[in-house]
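Below is one structure, written out as structure tokens; the observations come after it.
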């Protein structure tokens, strides 16, 4: 997997993501056998890294892309002791730039300006890798670089590598208070990303903030804490685990085939427990020591949805094994099968008439502890409720569009009313498709 980080948010999230990967690799209490740990470490290293530098640090397989230099310079000068970035994969302008919080500027100006540099770096990484099956794009939809430049490069990746999988982790802005033009930028960027991505992980700032505040009593370090738990969610899905029904490793092809069984439904959300940012962990008392039934009860509370919501697909990923009674080791897959049934709610995971299921939920399992947690569980779900934030964003963008607000900022870079209307139609079509599941 090759990761591409766009803009301030994408690069900050990506930096925390790779720090957590190396933290997971270097765990001193994995909770499982040496052979299991070795297999796990080999799979993690081959997925995210590409060898070692002269100083012994492993090299992250990632491109850092931004129209400004401040954030990236801060990241690469920190000198993490476990991993490093390849200098040729740091792509920034020679002079001060930015995308003016404007999707049109990022897409029509910065996109063509950066395309040759980015695609040449991508080709070198693809040629050097033994097997590279996918791209992971990290971007924010609110500003100009992540939304504009990010969606432009995503289209370039699709044109250049039509058989590679593209997964986009899209950060959705708070409903208000970030950028005046954020609803325009979000609609325009998602309309493009939907065309070119195979799977879109929806990460909402408001929801991430709520998850932190309900679990932590300390002051939140914004935006680091939000990026911290967003990275935990992403890794909970992509770190090695096995499908219990087929014993197949959770490679990207397998995940996409399970999560997005229909090309018209590409959106997914991730719920996970426990979600505690590193800045909030002052003692081991912050870690969960619940038994599995209680642990799953907490997860079920996180994924609670109103009656009538329907899912196309769901993957449950459980990690860790814990000693519960005496010396016997219990795990949710073979020691207490009834525990999985406690998580499944028929109203949440109800079947859809035109989509035949073999199982209501696929279960991926990894015995190794995850990020210092004896238990960590997550659910990646593609369900009818996931389009709700898109519906709100479209409504917000449409309100200011009908008043002509800020349109001149976009039209000066070549956008016309037809471009806005096509983007609105694209997102509204997706929202309608998801809502139609509930009346199927």
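Residue numbers (UniProt numbering): 1 to 440. All C-beta atoms in this analysis are idealised placements derived from N, C-alpha and C, irrespective of residue type, glycine included. Please read all numbers here as calculations on a predicted model, not as lab measurements.
Please classify residue 34 as buried or exposed, where buried requires at least 16 other C-beta atoms within 10 Å of its C-beta.
exposed
Count the other C-beta atoms from every protein chain shown that fall within 10 angstroms of the C-beta of residue 186, then say buried if there are 16 or more, exposed otherwise.
buried
Return helix, strand or coil for residue 280, following the three-state DSSP convention.
Of the three classes helix, strand and coil, the one that applies to residue 280 here is helix, per DSSP.
Apart from the five residues just before and just after residue 333, which ones in its own chain have a Cβ nearer than 6 Å to its Cβ?
Confidence at residue 333 is low in this model, with a pLDDT of 49, below 50, so the placement of that residue should be treated as unreliable; the coordinate-derived value is given next. Its chain contains 244 and 365 as the residues whose beta carbon lies nearer than 6 Å to that of residue 333, once the 5 sequence neighbours on both sides are disregarded; these appear in chain order.
Per DSSP, residue 363 is paired with what?
Looking at the DSSP output, residue 363 bridges to 316.
Can you say whether residue 375 is buried or exposed, counting buried as having 16 or more other CB atoms within 10 angstroms of its CB?
Classification of residue 375: buried, given that the 10 Å Cβ count is 16 or more.
Name the residue from 382, 91 and 262 whose alpha carbon lies nearest to the alpha carbon of residue 113.
91
Excluding sequence positions up to five away, which residues of its chain have a Cβ less than 6 Å from the Cβ of residue 78?
none
Complete runs of the beta strand (DSSP E) confined to the stretch 224-277 [at least 3 residues]:
List check, beta strand (DSSP E) in window: 267-273.
Nearest-angstrom Cα distance between residue 82 and residue 145?
29 Å
Proximity of residue 132 and residue 2 at Cβ, strictly below 8 Å:
yes
Would the beta-carbon of residue 154 fall within 8 Å of that of residue 137?
yes
Can you name the residues that DSSP bridges to residue 215?
Its beta-bridge partners do not exist; DSSP assigns none.
Suppose you measure from the CA of residue 269 to the CA of residue 382; what does that come to, to the nearest Å?
7 Å
So what's residue 193 in DSSP terms, helix, strand or just coil?
helix
Checking contacts by CB at 8 Å: is residue 205 closer than that to chain C?
Protein chains in the displayed structure number just one, and chain C is not present.
For residue 214, count the other beta carbons within 10 Å of its own beta carbon; 16 or more makes it buried, fewer makes it exposed. Which is it?
exposed
Per DSSP, residue 71 forms a beta bridge with which residues?
Looking at the DSSP assignment, residue 71 forms no beta bridge with any residue, so it has no partner.
Neighbourhood of residue 105 by C-beta distance below 7 Å, restricted to the same chain and skipping five residues each side:
99, 144, 148 and 413
Label residue 157 either buried or exposed according to how many other C-beta atoms from any shown protein chain fall within 10 Å of its C-beta, with 16 as the threshold for buried.
buried
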